[in-house]
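Numbering (this note's numbering), first residue to last: 747 to 1530.
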């Protein structure tokens, strides 16, 4: 490459990551490039797995060897050469950490700016910015302090100190307190000797139980209900006390603080299923009465600006907070108010104005999380950076896509390279350059089928080009319905006492702008119905060794077939059981977790990534070893298990469901952690395909679907309804709206401007209505 060209091009030469087939291409810098192609074609392997990964790896190598020792050693992607790379910033849809101390305000700079503002302008003055942080406790005491300057350099003195933090001392900054149901901890009709405890890990004869029995504080044969007041206190609340146990000095502590430390300070999602069930059963969480759920101390809330505390501001809808800041006349803080105003306006501009800064970050959807990350970068002074986006229109109503497009163009116009993986034609239309990967998914993809302008794409004979202007027609003959799930007085989140009937036996689309109340209406109102199946895009619980074959139960049928054919135990053919490689424990890779950075994985050198003991790989079924079977795609596995000499009807049935939901290209042994949100949702749906009757709730099932695949999704939804199921789809894609039997439109706006049902009826009636944003965009889509 000519040296001058490096300033204008990112050059990829010989990329072979995952299914990429020796891909080489040039990408224009400081332009907006959109990558298109069917699901599984290799878009993410090229953009994220190759370009972004190599950029981050090369940046890490610029640090000193000492610093690199604390950072994950990123593996070099499988590519011959990359030239002209700049710093890559990935703005993906990974959920923001579900850390209970993390809020929308803390993951952006908004809270930090407000804390500084209150430390300067708040009346009465209560301290520095940490005095308004719910993550900093107030501490006073004395301690040794090293003197670092002057004649006494390096000597220590004892000094009094005081830290004034904003943490509510009652709930320790969590905003809620827990109340234990003692009946779920033990049976007070029994004695300790009779095994009174019903707490996970407190089994008769186990360590935890023996520690209590042999602590010396209790008569093991006395019923708990007959305990004295002191004995009951010792059992439940005794402070940490040293006792002799089996000749050792150990610390005994009451059940309540011990359970709080063991179970309640852990992230719920990381708990094992039986422990999560125990916590759900035994613990009731309620808003902290001391701070009213604000997480902040009385002192922090006593300081006000213009009559409002920092807690009041964090509870406001961001669009309202932006107006409050705009009207604040404080010339002395102009240098701080201007960037705060800009940040809050970015929230509104990106379609997140309905959020509040005190919203827990773990409750945001993937699309909301991505847009929140985007807010961080909009005010950045960096230029000539490569921004990498993964379907930024996810979760956006057609009305809001224009705003997202404007922000992508703004990043480009600041002199940055913007790479976007996207399926929506509205965003493909604004590209300076398009790269289409395909032609099919999995092994049928991995090649560049088109490079050029949007107009040239339209004229090309690629799947994307052919479907760019495809429109689903309005459904004229809708299915009739006579019975419904009646929702009355729904008031969750922003819902304003909503009454609505959700039809049974038909396909219903629930529509409205992001934040209008769609999910609140459906998820909260139907959560307690026994026959409702929620098929969302959330992470699938399970280890990194879980894959489509284990999740769907497919592997059980495969293991039995292998065991029978070779006259050995089925457990040998599970990478999570006896047949697993002892070095990687059946994962095929060795994971290195870093406390301060993202963990990395390297292929196991003992099994070469094949997951099993060498002797297990000698066993075959119809000529294939177990690792060869797990390397098959769903389509290939279906063909294999449907053929005469290797027929397993139960396996073929599961594989058919996987194919029907559009996952034919997935490898059946692929780790679940590598699936996108849309792929996870379709995998969950496949496991319920055989269910009889029931109500299915799908949250944006078009996520990750190519234009050519949307038609297949609509056919699948039709098949579900025709088999006797009720299907409710929360969706922004106009194709799904047009194809529904019934539409429930929420709005008219987001947050406190939404929360009402503004239309119910057929798609044709919605288009004829023309009063709502949804009706206007649907009319435009169908050409009316």
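Glycine included, C-beta positions come from ideal geometry on N, C-alpha and C.
By DSSP's assignment, residue 1442 forms a beta bridge with 1279 and 1473. Under the DSSP assignment, residue 979 falls in the alpha helix (DSSP H) whose first and last residues are 975-983. Taking 8 Å as the cut-off, the Cβ atoms of residue 832 and residue 1181 do not count as close. Apart from the 5 residues on each side of it in sequence, residue 753 sits with its Cβ closer than 8 Å to the Cβ of 775 and 830 in its chain, given in chain order. Taking residue 1444 as reference, the option from 1479, 1419 and 1418 with the minimal CA-CA separation is 1479. Residue 1117 and residue 1124 have their C-alpha atoms roughly 10 Å apart. Between residue 1304 and residue 1292, the C-beta spacing is not below 8 Å. When secondary structure is reduced to three states using DSSP, residue 1092 falls in the helix class.
In this structure, DSSP gives residue 1284 a state outside helix and strand, which the three-state scheme calls coil. Collapsing the DSSP output to three states places residue 1133 in a strand.
Across the set 1368, 1369 and 1373, the C-alpha of 1373 shows the shortest separation from the C-alpha of residue 1362. Sequence-distant partners of residue 825 (beyond 5 residues in either direction) whose C-beta falls short of 8 Å from its own C-beta, in its chain, are 758, 759, 760, 761, 762, 763, 796 and 800.
Secondary structure note for residue 1005: it is in no beta strand (DSSP E), and the uninterrupted alpha helix (DSSP H) holding it is 1001-1005. Put simply, the segment 1419-1427 does not touch the segment 1389-1405. Fewer than three CB pairs are less than 8 Å apart. Between residue 977 and residue 964, the C-beta spacing is below 8 Å. Taking C-beta atoms as the reference points, residue 1038 and residue 849 fail to come closer than 8 Å. Across the set 1425, 787 and 1046, the C-alpha of 787 shows the shortest separation from the C-alpha of residue 1191. Put simply, of 970, 1144, 962 and 781 the residue whose alpha carbon is nearest the alpha carbon of residue 1518 is 1144. Excluding the 5 residues flanking it on each side, residue 950 has same chain C-beta neighbours closer than 7 Å at 941, in chain order.
Around the CB of residue 1240, 16 or more other CB atoms lie within 10 Å, so the residue is classed as buried.
Taking every protein chain shown into account, the CB of residue 1492 has 16 or more other CB atoms within 10 angstroms, so this residue is buried. Look at residue 1068 here: in three-state DSSP terms it is helix. For the pair of segments examined, the segment 1271-1287 was found not to touch the segment 1496-1515: the number of CB pairs separated by less than 8 Å stays below three. Annotated as distal: residue 1460 and residue 1451, with beta-carbon spacing of 8 Å or more. One Cα belongs to residue 1109, the other to residue 1092, and the distance between them is close to 20 Å.
Judged by DSSP in its simplified three-state form, residue 998 adopts strand.
Pairing residue 935 with residue 927, the inter-Cα distance amounts to about 16 Å. If the five residues before and after residue 1170 are omitted, its C-beta is found closer than 7 Å to the C-beta atoms of 1139 and 1147, all from its own chain and listed in chain order.
Rounded to whole angstroms, the gap between the alpha carbons of residue 1188 and residue 1383 is 14 Å. With fewer than 16 other CB atoms across the displayed protein chains lying within 10 angstroms of its CB, residue 992 is exposed. Cβ neighbours of residue 1283 within its own chain (closer than 6 Å, five residues either side excluded): 1423, 1426 and 1427. Beta-bridge analysis with DSSP links residue 1492 to 1503. For residue 1305, there is no enclosing beta strand (DSSP E); the residue is found in the alpha helix (DSSP H) stretching over 1300-1312.
Annotated as proximal: residue 914 and residue 1041, with beta-carbon spacing under 8 Å.
Assigned with DSSP and collapsed to three states, residue 945 falls in coil, not helix or strand.
Rounded to the nearest whole angstrom, the CA to CA distance from residue 1333 to residue 1379 is 18 Å.
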